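Chains as they are written, first to last, in the working numbering: chain A, 1 to 291; chain B, 1001 to 1291.
Heads up, the beta-carbon is just placed ideally off N, CA and C, and yes, glycines get one too.
Source: prediction; values computed, not measured.
There are 2 protein chains.
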Amino acid sequence: MKRVAIIGLGLLGASFGMSLREKNYHRIGWGRRDSIRKKALTHDVVDEVTETFEEAAAMADITVFALPIPQIIEYLEKGAPYWKENSLVTDMGSVKNVIHETAEKFLTPRNIVFTGSHPMAGTEKSGFENAFPTLYSNADVFLSAGSLSNEEHFAVLNDLWLASGARQTVKVDPVEHDELVAHTSHVLHVVASALALTILGDEDARKKALRFAGCATGFRDTSRIASSNPAMWREIIEHNTKANLLALENFEKALQTYRGMIQRGDFDAFEQEFAKGKCLRDSWLEYKKQH
Amino acid sequence: MKRVAIIGLGLLGASFGMSLREKNYHRIGWGRRDSIRKKALTHDVVDEVTETFEEAAAMADITVFALPIPQIIEYLEKGAPYWKENSLVTDMGSVKNVIHETAEKFLTPRNIVFTGSHPMAGTEKSGFENAFPTLYSNADVFLSAGSLSNEEHFAVLNDLWLASGARQTVKVDPVEHDELVAHTSHVLHVVASALALTILGDEDARKKALRFAGCATGFRDTSRIASSNPAMWREIIEHNTKANLLALENFEKALQTYRGMIQRGDFDAFEQEFAKGKCLRDSWLEYKKQH
């Protein structure tokens, strides 16, 4: 029976522990707060808790970080002297490259194997009290290889994620991963926020928008993710600046193309471009329904 | 009993006719297609149809245009010799200023009173066959004064819209109206479309985005209105270019502010700005729930 150390007992870590109940893993939990560690034990979130992070790391065959990105980076360094040689370390961070760089620096020289994970799961809530056992059900999980990762490590992580309820794991390169999520997720938060600020930002515009409140379903949906957690998105974008700047640049170019058409009065081109966007999105939606 | 001419028997016009059943108006209908005029009569969408637009105009106390913007402009000019003096003409167009300008040119010199309407109602569908009697139920309707409009005309239109099921009418200036809808609706379609084109536009990006399909609820919502009707949005933006260019410029500035923060690595400012956007949007949502 493999020993899995779950580091961090918030929404992600506690849900992960719950998802592995009766799944042939020995679950060791650690979180900074004593009260949460006690609750995790009494609620069968984990089988065992340790007083310190280092104890959990020392015991683990597999370590799973369920912490915010800056803490993952911090604890990768902190844990390096404690993990067993050839033990496997993974994480749940929304970015991969900066975490891989840290792992290569501190873990690889000690023969500790880092392989990244990014489960496509989460809610707008956070914290132990919001955890639930089916958070990972049917989730896709990206896995990214460190320099010591081999097929066996992927198989071990694949088993672990499927045990948690995930639908499948998909291998990606860390840099490609970060570009992918910058384009399909991160930069959208910047765009949605910029929209909310533009439309509701000054007193006069806000008054007008409020009068329009009853009917603005377009604005409601387009700006939805502007209501996301500012500290979390700051961390994510702070640790994936290059890919986000590229995504932002590509998006600004597409906007400028539209602006040029409107300025020149070339509305045939505008309509063609809009039809192309509609066609692409409709096909995407169709694909999404079928998979 | 006032005679209301409904010009155009698509989704908006036919639904409007249905909404006025047994409401103390004599409904005259005209649409270009003979087959639709017949159906409108047999389905009690209107009480009477005319062979020509001019006949309907000549009989009407109130004329309501339920046509695309370019046709409203065309028929305002065409109808000018036929409307009775002091009869009231309105429309349902999504832009107001260009329609008011046309009305001032052709109607005002003949003492025909134009007062604009913009009901906040519609679905993603169009056409007679998709019409239904509660399309205007609880809708807000913007009313905009032409140079001959007085309080009595507003009262007549207010009665008419309330009879159709609308919740309330709200007076706006045509230019202010166009700026308002450019910011809260029109420009969002350009943004959503630019996003769809950026993320799905090139083969490589599309393949990546498709792999991500199962989980991209952020992209799904942010780009939803990119799936709108290209011909319709072309017309709307073509007839409201000034306000849309202004809205686009304001939005691009907000994006550039974010890009600058990311480039400089000033993530304290980023988080503050994001929190401001969240706060504004959350308050807006709260207001929307209460009204």
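Residue environment, residue i, which counts as buried when at least 16 other CB atoms sit within 10 Å
i: residue 1230 of chain B; result: buried
i: residue 976 of chain B; result: Outside the shown range of chain B (1001 to 1291) lies residue 976 of chain B, about which nothing can therefore be said.
i: residue 1234 of chain B; result: buried
i: residue 291 of chain A; result: exposed
i: residue 32 of chain A; result: exposed
i: residue 1092 of chain B; result: buried
i: residue 1283 of chain B; result: exposed
i: residue 115 of chain A; result: buried
i: residue 96 of chain A; result: buried
i: residue 109 of chain A; result: exposed
i: residue 1258 of chain B; result: buried
i: residue 289 of chain A; result: exposed
i: residue 1068 of chain B; result: buried
i: residue 1082 of chain B; result: buried
i: residue 155 of chain A; result: exposed
Chain B contact for residue i (CB, 9 Å cutoff)
i: residue 97 of chain A; result: no
i: residue 252 of chain A; result: yes
i: residue 175 of chain A; result: no
i: residue 87 of chain A; result: no
i: residue 144 of chain A; result: no
i: residue 91 of chain A; result: no
i: residue 238 of chain A; result: yes
i: residue 130 of chain A; result: no
i: residue 66 of chain A; result: no
i: residue 244 of chain A; result: yes
i: residue 41 of chain A; result: no
i: residue 53 of chain A; result: no
Neighbourhood of residue i by C-beta, 8 Å cutoff - its chain only, sequence neighbours within 5 removed
i: residue 1251 of chain B; result: 1187 and 1191
i: residue 1048 of chain B; result: 1026, 1027, 1028, 1029 and 1041
i: residue 53 of chain A; result: 7, 30, 75, 78 and 79
i: residue 87 of chain A; result: 60, 61, 62, 63, 112 and 113
i: residue 1222 of chain B; result: 1192 and 1195
Coarse secondary structure for residue i, derived from DSSP in three states
i: residue 1091 of chain B; result: strand
i: residue 1022 of chain B; result: coil
i: residue 1031 of chain B; result: coil
i: residue 264 of chain A; result: helix
i: residue 1291 of chain B; result: coil
i: residue 1187 of chain B; result: helix
i: residue 173 of chain A; result: coil
i: residue 237 of chain A; result: helix
i: residue 1116 of chain B; result: strand
i: residue 162 of chain A; result: helix
i: residue 1132 of chain B; result: coil
i: residue 1167 of chain B; result: coil
i: residue 1105 of chain B; result: helix
Cutoff 7 Å; reference residue i; Cβ partners in own chain excluding five residues on either side
i: residue 1164 of chain B; result: 1016, 1019, 1020 and 1136
i: residue 1128 of chain B; result: 1009, 1010, 1014, 1036 and 1039
i: residue 1183 of chain B; result: 1247
i: residue 3 of chain A; result: 26, 28, 59, 60 and 61
i: residue 1044 of chain B; result: 1021
i: residue 1072 of chain B; result: 1065, 1091, 1093 and 1099
i: residue 178 of chain A; result: 95, 96, 97, 240 and 243
Cutoff 9 Å: residue i Cβ touching any chain A Cβ
i: residue 1136 of chain B; result: no
i: residue 1233 of chain B; result: yes
i: residue 1071 of chain B; result: no
i: residue 1273 of chain B; result: yes
i: residue 1125 of chain B; result: no
i: residue 1230 of chain B; result: yes
i: residue 1046 of chain B; result: no
i: residue 1270 of chain B; result: yes
i: residue 1284 of chain B; result: yes
i: residue 1003 of chain B; result: no
i: residue 1227 of chain B; result: yes
i: residue 1194 of chain B; result: yes
i: residue 1166 of chain B; result: no
i: residue 1011 of chain B; result: no
i: residue 1218 of chain B; result: yes
i: residue 1015 of chain B; result: no
6 Å CB neighbourhood of residue i in its chain, flanking five on each side removed
i: residue 1130 of chain B; result: 1011
i: residue 226 of chain A; result: 192, 193 and 196
i: residue 1166 of chain B; result: 1136, 1139 and 1141
i: residue 1023 of chain B; result: 1163
i: residue 133 of chain A; result: 18 and 19
i: residue 1169 of chain B; result: 1141, 1143, 1158 and 1161
* Asked: Counting pairs of Cβ atoms below 8 Å between the stretch 1195-1202 of chain B and the stretch 1115-1123 of chain B, do you hit three or more?
  -> Cβ pair count under 8 Å is below three, so no.
* Asked: Counting Cβ pairs, one atom from each stretch, are 3 or more of them under 8 Å apart for the stretch 142-155 of chain A and the stretch 97-111 of chain A?
  -> Counting Cβ pairs under 8 Å, three or more are found: they touch.
* To do: Count the C-beta pairs between the stretch 1260-1272 of chain B and the stretch 236-250 of chain A that are closer than 8 Å, then say yes if the count reaches three, no if not.
  => yes
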